[in-house]
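In my numbering, the protein residues as written are 75 to 263.
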């Protein structure tokens, strides 16, 4: 009877380790998702202030259209990145690290371009002549990409210990609707 209790405890321990590693990956992805989404209302509010200050509604209209274009690029890359990282991990183990580094660098570059665009729109003494200290963005592309990359590296180690269908189902939650970036129009209003 004691052997069965030990086996149960051991299985629960293994399950909890696997769950912790899964939540670690999803935690950094969720954090990145919220930081990317948080940029939209802040920038739109800034554009609204500029528009009102200059009495020109086209600043808001054109700025939102351009921001939507950039946000959609980031959103698309975010989905590709998650899928590509899972594919790298589930693919050939010898090339997994090289594959993951490539996709992380591409994702980091996409976030960097988005940050540069946001900085261009919200710069204090930019071409629109606005000084606004209320613009506070918690958006650091390198930090975001590094956290996700570290967690995916940890996931790669966890997947190596798994067998059969549990490997592919490990990343199923990343494909869910709640792990996708929200629509721009929802965030901009």
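Note that beta-carbon positions come from the ideal geometry of N, C-alpha and C, so glycine has one too.
For residue 259, the enclosing alpha helix (DSSP H) covers residues 258-262. Sequence-distant partners of residue 144 (beyond 5 residues in either direction) whose C-beta falls short of 6 Å from its own C-beta, in its chain, are 188 and 191. Here residue 156 carries a helix assignment [DSSP, helix/strand/coil]. Nearest in C-alpha terms to residue 136, of all of 109, 169, 148 and 117, is 117. For residue 141, the secondary structure class from DSSP, reduced to helix, strand or coil, is helix. Assigned with DSSP and collapsed to three states, residue 225 falls in helix. Per DSSP, residue 189 is one residue of the alpha helix (DSSP H) stretching across 170-196. In terms of Cα proximity to residue 194, the closest of 106, 112 and 121 is 121.
Between the alpha carbons of residue 134 and residue 252 lies a gap of roughly 29 Å. Rounded to whole angstroms, residue 128 and residue 262 show a C-alpha spacing of 21 Å. For residue 249, there is no enclosing alpha helix (DSSP H), as DSSP marks it with neither H nor E. If you ignore the 5 residues before and after residue 182, its C-beta comes within less than 7 Å of the C-beta of 215, 216 and 219, all in its own chain and listed in chain order.
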